[in-house]
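Notes follow once the structure below has been shown.
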Amino acid sequence: MDAMTHKATMSAADPVTFYGTEVASRLLLGTAQYPSPAILAEAIRASGTEIVTVSLRRESGAAKAGQSFWQLIRDLGVKVLPNTAGCRTVKEAVTTAEMARELFGTPWVKLEVIGEDDTLQPDVFGLVEAARILSRDGFQVFPYTTEDLVVAEKLVSAGCEVLMPWGAPIGSGRGLNNPYGLRSMRAHFPGIPLVVDAGVGLPSHAAAAMELGYDAVLLNTAVAKAGDPVRMARAFAAAIAAGREAVIADPMEVRDMAAPSTPVMGRALLGS
Amino acid sequence: MTSTQTESTEKTTPWQGANAMRVRIVGAGVAGLTCAHAFAARGAQVTVIERKSGSGQGCSWYAGGMLAPWCERESAEPIIAELGHESLAYWRASVPDVPNEGSLVLAPPRDLPDLKRFSRRTEAFEWVDGARIGALEPDLDGRFDQGLFFPTEAHLEPRKALAALTRLLVEEYQVAFRFAADGCSEVDDQCSEANNPSREVDDQGSDAKVADFVVDCRGLAARDTLTDLRGVKGEMLVLYSTEISLKRPVRLLHPRIPVYIVPRGDGHFMIGATSIENDERGRVTGRSMLELLGAAYALHPAFGEAEIVEIGADVRPAFPDNLPRLRKRGNTLYINGLYRHGFLAAPALARRAAEVAFDGAYFPEVMDEDHRQW
């Protein structure tokens, strides 16, 4: 089997499933901050992404006045994951989610309840509460959370079938701040799709997340604010595919050569 | 610098003397007025129709008035800078009070990466340190360690500039203005009559040609015809303070909330502007004001004590690529999609529109028909 055929087989046989919906691309893209909707559309096409997040809170206005932008996004033929970005209270998040369901006709919602205005760190208490309310109401919730295992456990019991821990604060581009925490989250929730959401700055960060065994990566700023967003979208798609291939390929273990396991013998002495 | 090619196949008419070109311009914002100027300067008889009661009262009213082609390179395509340089020269020559003080781009210490990114994507600036910032803007002395200074840029007060331009058009070029009293329905009829927009039915019921060319400069209202236009809301406010003075526009970078402050003279400062993907006019949110005021306060605490003189919002017309377009359908020209670049792009587009009408010129950089509907 040549390399190309192998790759095609690989990706065709390796979808990720969110709430029963299979998608082939493991890159989820946010739609904010691009230089223009035209560049956004091109970046989405270049990335091969099948799911885009759309923030409702600000663009909606009083009379759902964001229609023309949302129509541009609908026209791209990708699945929309409405986002409660910018919501600071449970009530706001729930109201925004309800509006999103009506507007986009989807039970999916990326749930953000922001607890800190500067770092945009999630308010995990409000998050769990909102997730419980929304799940009970038939929503399929994608919660933006931290790597805290107890919070994750509570989100799962609230009805979440996907978890989205941060890599680093939103828009910081710092990569995976706590790889150990992310690894233990993977180990604790082997059966739940895990998505690293936020903080990813470089394709190598995304590849690292995939190598930890994460199912997908969600990012926005790293592509939107790149000098050439379309090219950067392509770079992320390649990195995520590479990281996924690597984890399936079962990488070698790191070996500590500084601690010899056998006596050093039979070796010529050099430089004496 | 701009490629122009005249379509040799198109027969051009000598629009001279009694055969002066009659042009009807719909919309008296920055696009309509600069267009009136460009046509009138070439000898056309120009009538401007506007549904509001005066000129410049659409989204031009809320513009920042920064003439900053270099700074705009940070997020806009090269064509914006190209049009911007031409427009900058136009404003300097056409209206009074265009301070050539350049512009200043600053960032708080934590957001220096944004300053570096800004510098990578622009040119014609110098890095300035704290001392130099203090020399340029004494009231900012000691507040910032690093910045970018764009010495060749300028700014203007949009409302005064458009009022001056209107006077110039009336007094020097005998341009006729028909404001609200003439009714907006006429404006709408004029343009919805897509097949024959230069004709209207006169009192006797006969079909009379009233203009050789119609130029539609209606902004977002032209969405009835240009269906891929969308609105991008912008909110602004005007502060009054005698405790601080600035000579030039200052941009304060922030990863999520970039803000600019433009001195308007007499202690007035315009703070702008949000950029929100919706087409809702008028409504201003608390969050937006928090962001704008927060940024102003970060620039200088004196803004915390400033008086809020005005809060405003309007909707910028934009095409999907956020680039302006000049279109021609028969004898109707359309100038639209100026987005955040009204003052920066309008004069250059107006000049091209006149050349399209008079000379049969074609400007691929703004006339390529690459949108869905075309």
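Those sequence lines, one after another, are chains B and C. Everything in the first sequence is counted per this note's numbering, starting at 1 for the first residue and increasing by one. Everything in the second sequence is counted per this note's numbering, starting at 1001 for the first residue and increasing by one. We put the beta carbon where it would ideally sit given N, CA and C, even for glycine. Model, not experiment: these values are computed from the prediction.
Nearest-angstrom Cα separation, counted from residue j out to residue i
{"i": "residue 1191/C", "j": "residue 1266/C", "result": "Because residue 1191/C sits at a pLDDT of 44, beneath the cut-off of 50, its placement in the model cannot be relied upon, and the following sentence gives the value as read from the coordinates. When rounded, the distance between both Cα atoms is 41 angstroms."}
{"i": "residue 1197/C", "j": "residue 209/B", "result": "Confidence is the limiting factor: at residue 1197/C the pLDDT is only 45, short of 50, which leaves the residue's position unreliable, though a coordinate-based value still follows. Taking the straight line joining both Cα atoms gives about 59 angstroms."}
{"i": "residue 19/B", "j": "residue 161/B", "result": "7 angstroms"}
{"i": "residue 1225/C", "j": "residue 1215/C", "result": "13 angstroms"}
{"i": "residue 125/B", "j": "residue 82/B", "result": "21 angstroms"}
{"i": "residue 1147/C", "j": "residue 1248/C", "result": "14 angstroms"}
{"i": "residue 54/B", "j": "residue 74/B", "result": "10 angstroms"}
{"i": "residue 22/B", "j": "residue 221/B", "result": "25 angstroms"}
{"i": "residue 1221/C", "j": "residue 1086/C", "result": "27 angstroms"}
{"i": "residue 245/B", "j": "residue 37/B", "result": "32 angstroms"}
{"i": "residue 1253/C", "j": "residue 1102/C", "result": "17 angstroms"}
{"i": "residue 1070/C", "j": "residue 90/B", "result": "43 angstroms"}
{"i": "residue 1073/C", "j": "residue 1170/C", "result": "35 angstroms"}
{"i": "residue 106/B", "j": "residue 139/B", "result": "8 angstroms"}
{"i": "residue 1180/C", "j": "residue 226/B", "result": "46 angstroms"}
{"i": "residue 1331/C", "j": "residue 1212/C", "result": "7 angstroms"}
{"i": "residue 1250/C", "j": "residue 1296/C", "result": "10 angstroms"}
{"i": "residue 1362/C", "j": "residue 1024/C", "result": "21 angstroms"}
{"i": "residue 1223/C", "j": "residue 178/B", "result": "49 angstroms"}
{"i": "residue 1229/C", "j": "residue 253/B", "result": "56 angstroms"}
{"i": "residue 1218/C", "j": "residue 1291/C", "result": "30 angstroms"}
{"i": "residue 27/B", "j": "residue 132/B", "result": "26 angstroms"}
{"i": "residue 1115/C", "j": "residue 1360/C", "result": "44 angstroms"}
{"i": "residue 1131/C", "j": "residue 1139/C", "result": "12 angstroms"}
{"i": "residue 196/B", "j": "residue 217/B", "result": "5 angstroms"}
{"i": "residue 68/B", "j": "residue 30/B", "result": "17 angstroms"}
{"i": "residue 1318/C", "j": "residue 1231/C", "result": "6 angstroms"}
{"i": "residue 193/B", "j": "residue 163/B", "result": "7 angstroms"}
Proximity to residue i [Cα-Cα], best of the options
{"i": "residue 155/B", "options": "141/B, 70/B, 168/B and 166/B", "result": "141/B"}
{"i": "residue 277/B", "options": "196/B, 171/B, 169/B and 51/B", "result": "Within the shown structure, residues of chain B are numbered from 1 to 272, placing residue 277/B beyond reach of any answer."}
{"i": "residue 1313/C", "options": "1083/C, 1236/C and 1340/C", "result": "1236/C"}
{"i": "residue 1043/C", "options": "1016/C, 1027/C, 1051/C and 1052/C", "result": "1016/C"}
{"i": "residue 137/B", "options": "108/B, 230/B, 192/B and 121/B", "result": "108/B"}
{"i": "residue 145/B", "options": "243/B, 127/B and 93/B", "result": "127/B"}
{"i": "residue 15/B", "options": "236/B, 231/B, 39/B and 214/B", "result": "214/B"}
{"i": "residue 1233/C", "options": "1339/C, 1177/C, 1367/C and 1301/C", "result": "1339/C"}
{"i": "residue 101/B", "options": "56/B, 85/B, 17/B and 46/B", "result": "56/B"}
{"i": "residue 1105/C", "options": "1098/C, 1094/C and 1117/C", "result": "1117/C"}
{"i": "residue 40/B", "options": "1359/C, 1320/C, 1287/C and 1358/C", "result": "1320/C"}
{"i": "residue 1172/C", "options": "1038/C, 1283/C and 1089/C", "result": "1038/C"}
{"i": "residue 1021/C", "options": "1129/C, 1046/C and 1163/C", "result": "1046/C"}
{"i": "residue 45/B", "options": "257/B, 237/B and 242/B", "result": "237/B"}
{"i": "residue 1051/C", "options": "1040/C, 1178/C and 1163/C", "result": "1178/C"}
{"i": "residue 84/B", "options": "234/B, 110/B and 235/B", "result": "110/B"}
Identified DSSP bridge partners for residue i
{"i": "residue 1269/C", "result": "1239/C and 1263/C"}
{"i": "residue 1314/C", "result": "1234/C"}
{"i": "residue 1329/C", "result": "1332/C"}
{"i": "residue 110/B", "result": "83/B and 142/B"}
{"i": "residue 1213/C", "result": "1023/C"}
{"i": "residue 1154/C", "result": "1067/C"}
{"i": "residue 1146/C", "result": "1129/C"}
{"i": "residue 164/B", "result": "144/B"}
Counting Cβ pairs, one atom from each stretch, are 3 or more of them under 8 angstroms apart for the segment 1030-1039 of chain C and the segment 1114-1128 of chain C? No, because fewer than three Cβ pairs between the segment 1030-1039 of chain C and the segment 1114-1128 of chain C fall closer than 8 angstroms, the two stretches do not touch.
Contact between the segment 1055-1069 of chain C and the segment 1320-1336 of chain C (3+ Cβ pairs under 8 angstroms): Short answer: they don't touch.
Could you say if the segment 1247-1261 of chain C and the segment 85-99 of chain B meet the contact criterion of at least three C-beta pairs nearer than 8 angstroms? These segments do not touch.
Within 8 angstroms, do at least three Cβ pairs link the segment 1276-1286 of chain C to the segment 1335-1351 of chain C? Counting Cβ pairs under 8 angstroms, fewer than three are found: no touch.
Taking beta-carbon pairs under 7 angstroms, can you tell me which members of the segment 1114-1147 of chain C lie near chain B? Residues passing the 7 angstroms Cβ filter: 1121.
Of the residues that make up the segment 1319-1344 of chain C, which ones have a beta carbon closer than 9 angstroms to any beta carbon in chain B? Per Cβ criterion, the list reads 1319, 1320, 1321, 1322, 1323 and 1339.
So does the segment 1309-1319 of chain C actually touch the segment 1229-1241 of chain C, counting three or more Cβ pairs closer than 8 angstroms? Yes, the segment 1309-1319 of chain C is in contact with the segment 1229-1241 of chain C.
Counting only Cβ-Cβ distances shorter than 7 angstroms, please list the residues of the segment 1273-1284 of chain C near chain B, keeping chain order. Here the close residues are 1276, 1277, 1278, 1279, 1280 and 1283.
Proximal residues, the segment 8-38 of chain B versus chain C, C-beta separation under 8 angstroms: Hits within the stretch, in order: 35, 36, 37 and 38.
Can you list, in chain order, the residues of the segment 170-198 of chain B whose Cβ is nearer than 7 angstroms to any Cβ on chain C? Of all residues in the segment 170-198 of chain B, 171 have a Cβ within less than 7 angstroms of some Cβ in chain C.
Pairing CB atoms from the segment 1152-1168 of chain C with CB atoms from the segment 1059-1074 of chain C, are three or more of them under 8 angstroms? Touching, yes.
If you measure beta-carbon to beta-carbon, which residues of the segment 1057-1076 of chain C are closer than 9 angstroms to chain B? Those would be 1075 and 1076, in chain order.
For the segment 67-87 of chain B, which residues have a beta carbon sitting closer than 7 angstroms to at least one beta carbon of chain C? Residues of the segment 67-87 of chain B with a Cβ closer than 7 angstroms to any Cβ of chain C, in chain order: 68, 69 and 72.
Residues of the segment 1235-1261 of chain C with Cβ closer than 9 angstroms to any Cβ of chain B, in chain order: Flagged, chain order: 1255 and 1256.
Is it the case that the segment 168-185 of chain B contacts the segment 108-123 of chain B, given that we only count it when at least three CB pairs across the two stretches are under 8 angstroms? Two segments are said to touch when three or more pairs of C-beta atoms, one from each, lie closer than 8 angstroms; by this definition the segment 108-123 of chain B touches the segment 168-185 of chain B.
Chain-ordered residues of the segment 1151-1179 of chain C with a beta carbon less than 8 angstroms from chain B: Hits within the stretch: zero.
Name the residues in the segment 224-236 of chain B whose C-beta lies less than 7 angstroms from a C-beta of chain C; which are they? If the cut-off is 7 angstroms between Cβ atoms, the segment 224-236 of chain B has 227 near chain C.
Decide yes or no for the touch test of the segment 1076-1085 of chain C against the segment 1134-1149 of chain C: beta carbon pairs closer than 8 angstroms, at least 3 of them. The segment 1076-1085 of chain C, when compared against the segment 1134-1149 of chain C, does not touch it at the 8 angstroms Cβ threshold.
What residues from the segment 1305-1320 of chain C come within 7 angstroms of chain B, judged by C-beta to C-beta, listed N to C? Taking 7 angstroms as the Cβ-Cβ cut-off against chain B, the residues of the segment 1305-1320 of chain C that qualify are 1320.
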